[in-house]
Amino acid sequence: MLSGKVALVTGAGRGIGRAIALTLAGYGADVAVNYSGSKEAAEKTADEIRALGRRAIAVRADISKEEECAELFQRVQQELGVVDILVNNAGITRDGLAVRMTEQEFDAVIDTNLKGAFFCMKLAGKQMMKKRSGRIISISSISGVRGNAGQINYCAAKAGLIGMTKCLAKELAGRSITVNAVAPGYIDTDMTAVLPEKVKEAVLAQVPLGSMGRPEDIAEAVAFLASEHARYITGQVLSVDGGMGI
Ligand code: NAP
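If you want it as structure tokens, here you go:
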């Protein structure tokens, strides 16, 4: 389904990003595995992709820094080729009630989750425009669609990602590049493992399908949007949330 394509997945050493990288490789793509701190995990993901018979590199870059994003794209182009599929997955949380949140906590989340995606969209967009094809998929969140108490920074970033997706979809449609977002619900990763038990129970009670999602559930949705099957879909937000958003 994705043979001959080069994918770049940000934050792909662990969690949802890792599942996306492995799933895209499983469908035939060569994959650049970006990480910021988890070198060992990213190298392991890259090794597993190579074991599937695809090309892979692990590349360190803090995506909140524009110059590091530029270096990341340069390395991917040199070693794997022009990026056909960009997945903006890297993200962090700094939760707290709005009235107590510091400027640093607000900025940290915006810088990684929103500005980092913007830098990568810009760099990928330039390459894809020349090629007149491409797929840009960003991992938003149900929090960006519905809002969530204690996450004003995260909700702003994730809602902003949806706005950027719609804007870029219109800007790039003329070059046959599609731009979409996936909005996960409550997925079993390190990000949710740290939540207090009471919060976990309360969130789970809001999921009609009655269980947490797996990183692979998000990865399959991303693979579909990255494929030729989704050629006529752009500017959309696909919820993968067990019905939480209904
Ligand atoms: P996770 O397990 O905490 O993983 C976060 C990933 O982001 C890590 O690979 C991390 O890499 C990377 N990252 C963080 N800051 C970075 C930076 N500055 N530069 C490059 N990479 C960076 O989280 P996850 O649950 O897999 O989440 C993945 C995405 O899905 C996030 O955007 C998150 O907001 C979104 N999401 C998750 C859920 C959920 O329930 N889990 C729900 C909705 C949306 P390093 O370890 O190398 O720093």
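For what it's worth, the numbering used here labels the leading residue of the sequence shown as 1451, then goes sequentially.
Using N, Cα and C, we set each Cβ at its ideal position, and we do this for glycine too.
The alpha-carbon of Val1653 is positioned some 8 Å away from that of Tyr1636.
Distances from the CA of Ala1623 to each of Leu1530, Thr1642 and Tyr1682 were compared; the closest alpha carbon is that of Tyr1682. Secondary structure at Ser1453: coil, using DSSP grouped into helix, strand and coil. In this chain, the alpha helix (DSSP H) harbouring Tyr1604 covers Ile1602 to Leu1622. The beta carbons of Asp1512 and Ser1486 sit about 5 Å from each other, so the pair counts as a contact at 8 Å.
Secondary structure of Ala1655 (DSSP, three-state): coil. Considering only Asn1563, Ala1482, Glu1555 and Asp1480, the residue with the shortest C-alpha distance to Ser1514 is Asn1563. In the DSSP annotation of this structure, the continuous segment of the alpha helix (DSSP H) that includes Pro1665 starts and ends at Pro1665 to Ala1676.
The Cβ atoms of Ser1588 and Ala1567 lie closer than 8 Å to each other. In this structure, the C-beta of Ser1486 approaches ligand 1 to less than 7 Å from one of its heavy atoms. Looking from the CA of Ala1469, the closest CA among Thr1639, Gln1656, Lys1455 and Leu1675 belongs to Thr1639. Going by DSSP, Thr1628 is part of the beta strand (DSSP E) stretching over Ile1627 to Pro1634. In the assembly as shown, Thr1684 is a buried residue. Its beta-carbon has 16 or more other beta-carbons within 10 Å. If you check the CB distance, Arg1585 and Ala1676 come in under 8 Å.
Counting of Cβ neighbours within 10 angstroms places Asp1534 among the buried residues, the total reaching 16 or more.
Taking the C-beta atoms as reference points, Leu1474 is found nearer than 8 Å to Ala1673. At least one heavy atom of ligand 1 is found less than 7 Å from the C-beta of Ala1540. Here DSSP, grouped into helix, strand and coil, assigns Gly1546 to strand. At a cut-off of 7 Å, the beta-carbon of Met1578 does not count as near ligand 1: no heavy atom of the ligand is closer than that. Following the DSSP letters along the chain, one finds Ser1689 inside the beta strand (DSSP E) bounded by residues Val1687 to Val1690. The C-alpha of Lys1616 lies about 14 Å from the C-alpha of Val1595.
Distances between the C-beta of Ala1609 and the heavy atoms of ligand 1 are all 7 Å or more.
Apart from the 5 residues on each side of it in sequence, Glu1498 sits with its Cβ closer than 7 Å to the Cβ of Leu1472 in its chain, given in chain order. Restricting attention to Val1687, Val1657 and Glu1553, the CA atom closest to the CA of Ile1696 is found in Val1657. Per DSSP, the continuous beta strand (DSSP E) segment holding Ser1588 begins and ends at Gly1584 to Ile1589.
DSSP links Ile1560 through a beta bridge to no other residue.
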